[in-house]
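S.K.: Numbering-wise, our numbering comes out as the position in the sequence shown, counting from 1, plus 8. Quick one: the structure is below, questions incoming.
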Amino acid sequence: MNRFLKGLPKVSSRLSLRRPDDWHVHLRDGALLQAVAPATARSFARAIVMPNLNPPITSVAAAVAYGARIRAALPEGSCFSPLLTAYLTDTIEAEEIERGHAEGVFTACKLYPAHATTNAAAGVSDLARIEAVLAAMERIGMPLLIHGEVTDAEIDIFDREAVFIERHLAPLLLRHPALKVVLEHITTAEAVAFVRQAGPNLAATITPHHLHINRNAMFRGGLRPDFYCLPVAKRERHRLALRQAATSGETSFFLGTDSAPHPRSAKESACGCAGIYNAAYALESYAEVFEQEGALDRLEAFASLHGPAFYGFPVNEGTITLVREAHTVPPRLQGNAAGGASTELVPFHAGQVLQWRLADDG
Ligand code: NCD
Ligand code: ZN
9 MNRFLKGLPK
19 VSSRLSLRRP
29 DDWHVHLRDG
39 ALLQAVAPAT
49 ARSFARAIVM
59 PNLNPPITSV
69 AAAVAYGARI
79 RAALPEGSCF
89 SPLLTAYLTD
99 TIEAEEIERG
109 HAEGVFTACK
119 LYPAHATTNA
129 AAGVSDLARI
139 EAVLAAMERI
149 GMPLLIHGEV
159 TDAEIDIFDR
169 EAVFIERHLA
179 PLLLRHPALK
189 VVLEHITTAE
199 AVAFVRQAGP
209 NLAATITPHH
219 LHINRNAMFR
229 GGLRPDFYCL
239 PVAKRERHRL
249 ALRQAATSGE
259 TSFFLGTDSA
269 PHPRSAKESA
279 CGCAGIYNAA
289 YALESYAEVF
299 EQEGALDRLE
309 AFASLHGPAF
319 YGFPVNEGTI
329 TLVREAHTVP
339 PRLQGNAAGG
349 ASTELVPFHA
359 GQVLQWRLAD
369 DG
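Here's what the structure looks like:
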């Protein structure tokens, strides 16, 4: 050992984890799918893929076809498995959901309150309309994944998650105590507290961006569309609560990137789309947070163990390795040539230095 380093605390430079999963990702379709699928498949063994395509995935046949398009977009030899979800609408039939689940096509159902976010216009207008579907899911043990925000225009956008929990989620869990529910991409201290006091049937995913940024990021020196996503980032105290929850080792919090790519032209426009593209450096981004919180030893549980335990899946075989090696995230990702401008993406952390890098050999 270099004698000058003797006596200094040992900073480990490599970290091996059981291969992780992403429990919430948008892979899109067409040229964008081609551009982003390899990044998710590089780090993750499985991912819960959101169904908010246009038109949304509301049938078993549409999901089967989408799964084939995802597999076709993966690099040769990739072992990545997309876990597909059904998009709940006011009129979707419980029978279709049950059949998709029985055939292994649908892993879960996604609830978007109508108009809550990108491609959510066909979402559910009133939970009473999907009562039969929820009862069937509860019976067969199929998880419900919730975009937890009210959509009432008169409710302040920064309060929409907390109001959803109080008005809709709490009563829903009382009506369906055996239903497995994931409150997705949580952004508030209220959500953290609610998940903690609930039983084992409620869990939450946490994104890398909500661990790194608070709402100031959207307004630093001007309007910054790259930091606009839904649910919108909140005050600093909420970010700190999320960091504490993610790194706490509690089993009800696990990894879900909510990587939501939109072409740069659609983000930087008069009415920019909500969504942050973080898949290219997601694990590196989480590792940074866990290191800052002195919790690198808990990253594996958050990224690779708690999710499978909640879903009742085996953990992945194999490992990935993170190396402590500073690198600068490119300001833009060009996507693939075929997509042209339609796949030009600004990655989360664009132009910033990250301390951890995923080893090329996994
Ligand atoms: C997502 C998208 O673009 O599909 N956008 C986002 O800001 N997260 C939808 C969603 O998950 O809300
Ligand atoms: Zn999402």
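Using N, Cα and C, we set each Cβ at its ideal position, and we do this for glycine too.
By DSSP, does S392 sit in helix, in strand, or in coil?
M.R.: Because the chain here runs from 9 to 370, residue 392 falls outside it and cannot be looked at.
S.K.: Can you find at least 3 beta carbon pairs, one from the region 170-185 and one from the region 230-238, that sit closer than 8 Å?
M.R.: Verdict: no, contact absent.
S.K.: Once the 5 residues before and after R324 are set aside, which same chain residues still bring their CB inside 8 Å of it?
M.R.: Sequence check: residue 324 is Asn here, not Arg. The answer, listed in chain order, is R26, R27, P28, D29, A53, R54, S312, P316.
S.K.: Which residues bound the alpha helix (DSSP H) around T48?
M.R.: 38-51 is the span of the alpha helix (DSSP H), which, as asked, contains T48.
S.K.: Can you give the Cα-Cα distance for S273 and T351, rounded to whole angstroms?
M.R.: Approximately 9 Å, taken between the alpha carbons.
S.K.: For a quick check, are the C-beta atoms of F261 and F318 less than 8 Å apart?
M.R.: Not in contact: F261 and F318 (Cβ atoms no closer than 8 Å).
S.K.: Consider the C-beta atom of H155 and the heavy atoms of the ligand NCD; say whether any pair is separated by less than 7 Å.
M.R.: For the ligand NCD, at least one heavy atom lies less than 7 Å from the Cβ of H155.
S.K.: I'd like to confirm the pairing. Which residues does DSSP put opposite F114 in its beta bridges?
M.R.: BP columns for F114 point to L92.
S.K.: Would you call Q42 buried or exposed, if buried means 16 or more other Cβ atoms sit within 10 Å of its Cβ?
M.R.: Flag for Q42 reads buried.
S.K.: Would the region 114-134 count as touching the region 85-97 if we require 3 or more Cβ pairs under 8 Å?
M.R.: At 8 Å Cβ cutoff, the stretches touch.
S.K.: Taking the C-alpha atoms as reference points, what is the distance between G230 and A287?
M.R.: Rounded to whole angstroms, G230 to A287 spans 25 Å at the Cα level.
S.K.: Please go through the region 312-345 and give each complete beta strand (DSSP E) segment of 3 or more residues, from N-terminal end onward.
M.R.: Taking only runs of at least 3 residues, the beta strand (DSSP E) segments lying wholly in the region 312-345 are 327-336.
S.K.: With a threshold of 8 Å on Cβ separation, who are the neighbours of N209 within its own chain once the five nearest residues in sequence on each side are excluded?
M.R.: Cβ neighbours of N209 beyond the five flanking positions: L181, P185, A186, L187, K188, V189.
S.K.: May I ask you to check if the CB of N62 is nearer than 7 Å to at least one heavy atom of the ligand NCD?
M.R.: Outside the cutoff, so no.
S.K.: Quick one: what's got a C-beta closer than 6 Å to A211's C-beta in the same chain, skipping five residues either side?
M.R.: Taken in chain order, the residues that qualify are V190, S260, F318.
S.K.: If V33 sits next to S267, beta carbons under 8 Å apart, how far is it from one beta carbon to the other, in whole angstroms?
M.R.: Going by Cβ atoms, the distance from V33 to S267 rounds to 5 Å, so yes, they are a contact pair.
S.K.: Taking the C-alpha atoms as reference points, what is the distance between Q300 and R147?
M.R.: Spanning the two alpha carbons is a distance of roughly 42 Å.
S.K.: Decide if the region 44-64 is in contact with the region 83-91; the criterion is three or more beta carbon pairs, one per stretch, under 8 Å apart.
M.R.: Touching, per the Cβ criterion.
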